[in-house]
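Chains as they are written, first to last, in the numbering used here: chain A, 5 to 470; chain B, 2 to 487. Down below is the structure, laid out as C-alpha cells.
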Amino acid sequence: MNIPIDWTVVGPAVIVAGGALIALLVDAFYPRRTWLGSGLPSTIALGLAGLELLRTHEPNDYVFALSFIVLAGTLFVVVASNVMNFENAMPPGEYHFLLLSSAAGALMMVAAHDLVTLIVAFELLSLPSIALVGLRQGDRVAIRSAWTFFLASVVSTAITLMGISLLYGVTGTLDYAGMNHALRTTDLPDSVVAVAVVLTVVGLLFKLGAVPFHVWIPDTYSGSSVMVAGYLSAVSKAAALGAVLILLATALPPARDTWQPLVAIVAALTMTIGNLGALRQRDAIGLLAWSSIAQAGFLLAPAAALFATDGRRAPVQYLAIYVLANLVAFAALAVIVRLRGSTTFEDLTGLARTDPWMGIPLGFALLTLAGFPPAVIGLVTKYVVLRPVIDGGHTWLAVVMALNVMLGLAYYLRLIVVLVDRADGEPYVSPSPPLSVRLAKAMVIVGALGLVVLSAWPDLLLSNLP
Amino acid sequence: MIVTALIVPFVIGSLLMLFRGDVPGRLAALLGAAAMATSLVLFAMVWDGPNGVSGEVDTSWIEPLRAHFHIGVTALSWPFLLMTAFLGLLCCIWLVADDTSPAVVGLVLVISASSLGVFASLDLLLLFVFFELALIPMWFLIAWWGAPDDPDGRRRAATRFLLFTVSGSALVLVGIVIVAVQSKSLQIFEVTSGSVVAASLIALGFAVKTPLVPLHTWLPDAHSKAPTVGSVLLAGVFLKLGTYGLLFLDSFMLHDPFGKVAPYLAVAGVVGIVWSALACYAQDDLKRLIAYSSIGHMGFVVLAISTQSVVGVAAAVFGSVVHGLITGLLFFLSGSLKERFGTASMAAIGRGLYTRTPWLAVAFVFAAVASLGLPGLAGFWGELLSLRSAYEVGDVLTKSGAWTLLGFAVLGIALTTAYFVRAIRLIAQGEPVPRDEDRDLGGHEVVVSVALAASILVLGLAPGLIVGLYDHPTVTYHGSYSAVTP
C-alpha cells in the first residue's frame, strides 16, 4: 500500500506541527518559563500556516474554508489562552505544543482524502487534546475528565477502525475517490456496506459530540481549562464536521440511502437532547457545553441533505459563525473565571452592567448562538442550514430544528437576562487587569465586533465562504 | 422615505436605551413621541394610491440567498402601518412624566419600529428578521416594567409569551424556507405557488401570535402583567402581526394552498369568539377581561380572512386596525385605573365611577361600547363586515359550514355585549363609594383618550376610509385579490 504525500495539501499542517515543536523547545531552553515565550512562536506558526494556505489553495475551495476556520479558531484560542498565564500549574510549553499538535491533526483531518490519513489525523487531533484536558498539574477533576475523554475516544476510534477495515475489505481501496467508484460500479453486499458505513461514521460523530456519544462533553468541558473547552467545542468540532462532510460527500455518495436517514435522526436527537440538557444548567460553562451538543445537531442536519442545493456550503457557513460565537463566549468566560473564580449564574449577575466590555460581547455571542436579532447573522445561518434540509425533503427534520430554536432561546435568554440583570449587593469591581487578561479581553471584543459586522452585512460571510 | 420612517425610531430608541441614565424621563418621552410622529407623517405622506407599491426601496442584501432589502407600502399594509405608528406615538405621549424610565421609551420605540418593519417588508427573510427583533424588547418590557406587585408572575408571563411566540415564528421560518426553496425567490410578489405544508406551517405560526384557541394561553397573562404601554402594544400591534401574517403571507401569497387550511382556521376563530366571551364572564381583573375579549375580536378577523373573499380582506384589515384602536384605548384606561388604585380588579376599584371620576368613566364606557360593536362606532363595521364575508361564503368555505360559523359568531356578539355591560355595571354605574385615590383623567391621559376616541368615531362614521382601499372597480367579489395586489 503506497500512499503518496501531496505537500501542497499538508503544508499548513506541517508548519503548524513545526511551530508546536519550536514552542516546546523554546520553553525547554528558555531560562524563565513564560507564557509568551512559547505563545509567540505558536502565533507566528499559525500565521505562516495561514499564508501557506492562501498561497496553495483557491480561496473558494472547500478544504480552504475548513482549514481557515481551524487556523483562525486555534489562533483565537492561543491568544485568549494568555489569560491562563497566572496558573503555575499550567505549563506553557506543553500547553502550546499539545494545542498546536492537535491543530495540525485538525488541519490534516479536513484535508484527508483517504481513510488512513483520516484515522491518523483523527488520532493526532484526539490524543493531544486528551492530554490538554488533564494537563493542569495536581487537578484531580481534570484528570478524571481526561480519563472520561480518553476512554470514550478510544472506544470510538476502535469502532471507526472496524468500519474502515470493513470498507477496505469490500471496496479494496482506502482512497475516497476509488471507494466512491467501487461502491458505484461493483455489486457489493448491501448489508456489509451498510454496517461498514455506519461504523465509520460513528467514530467521527463521537468527536462531533453527537448523541449518543455526547456524554463525555459536559464532563470534559467542566473539568478542563475554559479555553481548552473552547478549543474542543470549536476547532475540534470543526475538524470532525469537516471530515464527516468530505467523507460523506466524496467517498460514500453511493451509500447515501444508508447514512442519510441515520444522520438525520442523529441530528434531530442531538439537538433535542443537547437543548434539554442545557435547560437544566445553572453554570455558564455547563450551559455552553450542553448547547454545543445541541449546535452539533444543527451542524449535522444539513449533512443529511448534502446533495440538495447548497447542501455542502450550508454546514460550513453555520460552522464559521458557531466557531466564532462559541470562542467569544468561552474566552469571555475564561476571563471571568480568572477575575471572579466561577461562572455560576449568581456570579455572572449584572455582568453587562458592571463590566460591559465582557458582558455585552458575551450576550451578543449567546444571541448569535440562539439565532436571534439583533444578532442577524445567527438567524441568517439558521436559515442557511434549514434550506438544504427542506430542499432535501426532510421537512420533519426542519420542524424539529424549528422547535429546537425555541428550546435554545429559552436557556440562552436565561443567561442573557442574568447578564443584564441588576446585581444584588456590591457590584464587583475588577482591579486593573494585567496585559495577559487584556489580550484575552481584546480577543473577545474583536470577535464580538466581527459578529456585529457580519450581522450588519451577512453577505460578507455568505458570499465568501464556499 | 420609508427607510427614514423606520430608522428614526430605531436610532432614537437605541440611543435612549444606551443613555438611559442621562436623559430625564419627560424629555425622553417627548423625543420618542417626536420620533413616532415623524414616522407617522412619513408613512402617511408616502402613500400614492392603492394600485402598486408606494415608496418602494429594493436593494440587494444577502446575494447568495437572493434576499433583498425590499420594503414598500401596499394597500394591505398601509392601514396597519398608520395604526402602529399612531399607537406608538400615543404610548410615548402616555409616558410623558417625570418618573418615566428612558429605557421604557426606548423599548417602545424599538418594538414599534420593528413592527413597522414587519408591515413594510416585501422580502420574506427581512420580514422575519423584523418579526423576531421585536420579541426580546417586549420580554424586557413585560418582565422588568410589568405588574409591580408580582415580580415572579410578570417574569413567568414574559417568558411564556416569548417561548410561545418563538415556537410559532420558528414554524413560520420553516414555512418561509419551503416557499423560498419552491419558488426560488424570497420576494413576496414573486412567489407563485407553495405547498399546503408551507401554508399550514405559516398559518400555525401566526395562529400562535394572533392568537387562536387553543394556542392562546400565553395571552391573558402577558397582557395583564405587562405595563400599560406593553399591553397596548401587545394587543394593538403584536396581535396584528399575526393577522397581517395570515393575510399577507398565507391568504395572499399562498392563495391556493391556504384554501386547504382556511376552514380549520375559521373554526378555531369562531371557537375563540365563543370561548373567550365565556371566559370574560369569569374575570374580575379588568386587564385580563380586555385580554380575553381580544381573542374574540381576533376570532372575527380570522373568520374573515379564511373566507378568502374581497369582503373578507376588507373586514380583516378593518377589524384589525379598529381592534388596535379600541383595545388600545381600553388598555390605556385600565392602566389609568391601575395607576390610581394599584389594581385592575373590578371589585377593588368599586362602583360608581360616573360620579367619582366622570370623564374616565365616560371614556371607558365609550371604549367598551365601541368594542362590543355599537353601530356608529368603528367596532361595529369590523364585526359586520366579518359576518357579511361569512354570509357570502367566499371561495373556500362551504355554504353550510360558513353559515354555521356565522350563527356561532352572532352568538358570540351577544355574549360580548353581555360581558361588557357587566363590566360597565360593575365599575361605572351603581352607588358610588368615593375613595381617596379617585382622580379624573389628567393632561396626557386626556390627549391619548381624545385622540383614540376621535379616530374610533371617524372610522365608525366613515368606514370607507379603509374599506374603500379594497373597493377598487377592478375587484369582483368572486375573485381576485387584485385590489391588494400592486
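Ideal Cβ placement from N, Cα and C applies to all residues, glycine included.
Asked, Found
"What residues match up with A68 of chain B in a beta bridge as DSSP calls it?", "B:I63"
"With H, G and I counted as helix, E and B as strand and the rest as coil, what does DSSP make of I41 of chain A?", "For the sequence presented, residue 41 of chain A should be read as Gly rather than Ile. Looking at G41 of chain A - three-state DSSP - the assignment turns out to be helix."
"Would you mind sorting S310 of chain B into buried or exposed? The rule is 16 or more other CB atoms within 10 Å of its CB.", "buried"
"If you check the beta carbons only, do G273 of chain B and H217 of chain B fall under 8 Å apart?", "yes"
"Can you tell me which of the three DSSP states G73 of chain B falls into?", "strand"
"What does the alpha-carbon distance come out to for the pair L355 of chain A and V421 of chain A?", "10 Å"
"If you run the structure through DSSP and keep just helix, strand and coil, what is S346 of chain A?", "coil"
"Name the DSSP beta bridge partners of S122 of chain B, please?", "B:I72"
"Quick one: is F154 of chain A near chain B, going by C-beta distance under 8 Å?", "no"
"Below 7 Å between beta carbons is the criterion; list the residues of the segment 188-214 of chain B that meet it against any residue of chain A, in chain order.", "V198"
"Any beta carbon of chain A sitting closer than 8 Å to that of A227 of chain B?", "no"
"In the structure shown, what three-state DSSP assignment does L55 of chain B receive?", "Residue identity differs from the one stated: residue 55 of chain B is Ser in this sequence, not Leu. DSSP places S55 of chain B in strand when its eight states are reduced to three."
"Would you grab the beta carbon distance between L455 of chain A and A329 of chain A for me? Rounded to a whole angstrom, and I think it's under 8 Å.", "6 Å"
"Which of helix, strand or coil does DSSP assign to S346 of chain B?", "strand"
"What does the Cβ neighbour count give for Y66 of chain A, buried or exposed, with the cut at 16 atoms within 10 Å?", "buried"
"Name the chain B residues whose beta carbon is nearer than 9 Å to that of I168 of chain A?", "Those within 9 Å of I168 of chain A in chain B number zero; the least Cβ separation is about 36 Å."
"Quick one: what does DSSP say S481 of chain B is sitting in, helix, strand or coil?", "Because the pLDDT of S481 of chain B is 40, which lies under 50, any placement of that residue in the model is unreliable, and the question is left without a value."
"Looking at chain B, which residues of the segment 400-422 of chain A have a Cβ within less than 9 Å of any of its Cβ atoms?", "A402, V403, M405, A406, L407, N408, V409, M410, L411, L413, A414, L417, R418, I420, V421"
"Assign D100 of chain B to buried or exposed, taking buried as 16 or more other Cβ atoms, counted over all protein chains shown, within 10 Å of its Cβ.", "exposed"
"Can you tell me which of A:V14, A:M166, A:I147 puts its alpha carbon nearest to the alpha carbon of A108 of chain A?", "A:V14"
"Do you know offhand how far L249 of chain B's Cα is from V447 of chain B's?", "In the sequence as presented, Leu is not what sits at residue 249 of chain B; that position holds Phe. C-alpha separation (whole angstroms): 35 Å."
"According to a CB-to-CB cut-off of less than 9 Å, which residues of the segment 55-69 of chain B neighbour chain A?", "S61, W62, I63, E64, P65, L66, A68"
"Who are the near neighbours of S168 of chain B in its chain, counting only those whose CB is closer than 6 Å to its CB and skipping five residues on each side?", "none"
"Mark Q321 of chain A as exposed unless 16 or more other C-beta atoms lie within 10 angstroms of its C-beta, in which case mark it buried.", "buried"
"Compare the C-beta of V9 of chain B with all C-beta atoms of chain C and state if any pair is closer than 8 Å.", "Annotation note: the requested chain C is absent from the structure, which comprises protein chains A and B."
"Go through its chain and collect everything with a Cβ distance to T486 of chain B's Cβ below 6 Å, but skip five positions before and after it.", "Below a pLDDT of 50, predicted positions are generally treated as unreliable, and T486 of chain B, at 35, falls in that range; the measurement from the model is reported next regardless. Correct list: empty, nothing qualifies."
"Let me check one thing: in DSSP terms, what residues is D118 of chain A bridge-paired to?", "A:D179"
"Taking CB distances under 8 Å as the criterion, tell me whether D28 of chain B reaches chain A.", "Sequence inspection shows Leu at residue 28 of chain B; the Asp mentioned does not correspond to that position. L28 of chain B does not count as touching chain A."
"Pull up the distance between the alpha-carbon of R144 of chain A and that of V233 of chain B, whole angstroms please.", "57 Å"
"Grouping DSSP H, G and I as helix and E and B as strand, with all else coil, what is D251 of chain B?", "helix"
"With distance defined between alpha-carbon atoms, name the residue in A:G182, A:D179, A:S130, A:V232 nearest to K2 of chain A.", "The question about residue 2 of chain A has no answer, for chain A in this structure spans 5 to 470."
"Compute the Euclidean distance between the alpha carbons of T353 of chain A and R418 of chain A, then round it to the nearest angstrom.", "11 Å"
"Just the C-alpha distance for G2 of chain A and T166 of chain B, rounded to the nearest angstrom, thanks.", "The requested residue 2 of chain A is not part of the displayed model; chain A covers only 5 to 470."
"Quick one: what's Q188 of chain B bridged to in DSSP?", "B:D124"
"If the criterion is Cβ atoms closer than 8 Å, does the pair L220 of chain B and I137 of chain B meet it?", "no"
"Name the chain B residues that come within less than 9 Å of R391 of chain A, Cβ to Cβ?", "L66, V178, A181, V182"
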